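Just below is one structure, and these are the notes that go with it.
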C-alpha cells in the first residue's frame with residue numbers, strides 16, 4: 013500500500029482509447045509499454061468498460077503482464093459498466109486477476125438472455141455474435157468480417173426485436189430518447205447501441221457506477237489520487253468525469269472520438285492535438301502523461 017496520494021489517476025475506457033475498435037485488440041505496442049511505465053511510476057490505472065472480464069483478461073491483462081506489469085501496482089478492472097470488478101497483477105497467478113466480483117442484482121433476466129442468444133443464432137449469425145462471457149449484461153457484437161455500413165441497419169433491426177421482447181415481459185425500457193414505462197412508471201432496462209455492438213442492461217449500470225467502483229477499489233490499496241483524467245470514445249464515457257467532478261475532484265476528460273460532438277462541461281475536455289482518433293489518440297495521451305510525470 014502506498015503512503016502518499018498520487019497526483020493523478022487514470023480511468024480508461026478500453027474500446028477506442030486502448031484497443032482498436034476495428035481489430036478489438038491492442039494494436040499499438042506503445043500503449044502497453046506506456047501503461048506499464050505509468051503503473052511503475054505509481055499512477056493508478058482503472059479500466060472502466062462495458063466489456064466482459066474474460067475479454068479484459070485476454071486482451072488487456074495478458075499483454076500488460078507480458079510487458080512487465082509489477083506485482084502490487086495499483087491496476088483494477090471495472091467491467092460491464094460497473095456490474096463486475098477485480099484487481100489486476102501478476103500476484104494473482106496465471107490469470108492475472110483477483111477473484112471476480114459480480115453484482116447479481118443488476119443482471120438481465122436469464123430467460124431474456126436465452127431468447128436473445130437463440131435469436132442471434134437463428135436470424136443474425138452472419139453479421140453478429142452473442143457474447144457468452146457477459147455475467148450481467150446482454151451484448152450482441154458486430155462480426156469483424158462486415159463493415160459499419162452493413163452492420164448499422166442490422167443493428168437497428170436487432171434492437172427493435174430486443175425492445176419488443178422486453179416489453180412483452182412488462183418491463184419499462186429506455187432506448188435513446190424513446191422511454192417506455194411499465195405500469196408503475198419505472199424503467200428497469202436500457203438498450204444501448206454502440207458503434208460495434210448493442211448492450212442491453214440495467215439502467216443502474218453506467219460509466220458513473222464504474223467510477224464509483226474504481227474509488228472503492230483504490231481505497232483498499234492506498235490513498236486516492238488528487239486529480240483524474242478520464243478517457244473515452246463515446247458520449248456515455250463523459251459520465252466518468254461527471255461523477256468525479258460531482259465528488260469534488262479536479263478532472264479532465266480526454267475524448268478520442270470528438271466527431272460525435274463535444275458537450276459543454278464544467279471541467280476541461282481534451283482532444284488529440286494532431287487530430288488522431290481512437291487508439292492512436294489514446295497512445296498520444298499516454299505518452300503525454302509519461303512526459304508530465306517524468
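Residue numbers (the working numbering): 13 to 306. Here a beta-carbon is modelled for each residue, glycine too, at the ideal position from N, C-alpha and C. This one's a predicted model, so the numbers in the text were calculated from it and none came from an experiment.
query	result
Straight-line Cα distance separating residue 283 from residue 57	20 Å
Cβ shell of residue 128 (< 8 Å), same chain only, five flanking positions each side left out	142, 150, 152, 174, 177, 212
Buried versus exposed, by CB contacts within 10 Å (16 or more), residue 157	exposed
DSSP beta-bridge partners of residue 223	According to DSSP, which records beta bridges pairwise, residue 223 is partnered with nothing at all.
Straight-line Cα distance separating residue 273 from residue 279	16 Å
Cβ-based neighbour list, residue 201, same chain, cut-off 8 Å, excluding 5 preceding and 5 following	120, 178, 183, 184, 185, 186, 212, 213, 214, 215
Beta-carbon proximity of residue 65 to residue 26, cut-off 8 Å	no
Distance, residue 235 Cα to residue 132 Cα	45 Å
Rounded separation between residue 305 and residue 298 - CA only	11 Å
Sequence-distant residues of its chain with Cβ nearer than 6 Å to residue 263 (five each side left out)	240, 253, 256, 257, 279
CB of residue 29 within 8 Å of CB of residue 207, strictly	no
DSSP bridge partner residues for residue 51 (one or two, in chain order)	For residue 51, which the question treats as bridged, DSSP gives no partner whatsoever.
Where residue 59 falls: helix, strand or coil (DSSP)	strand
Coil, strand or helix - residue 205 by DSSP	strand
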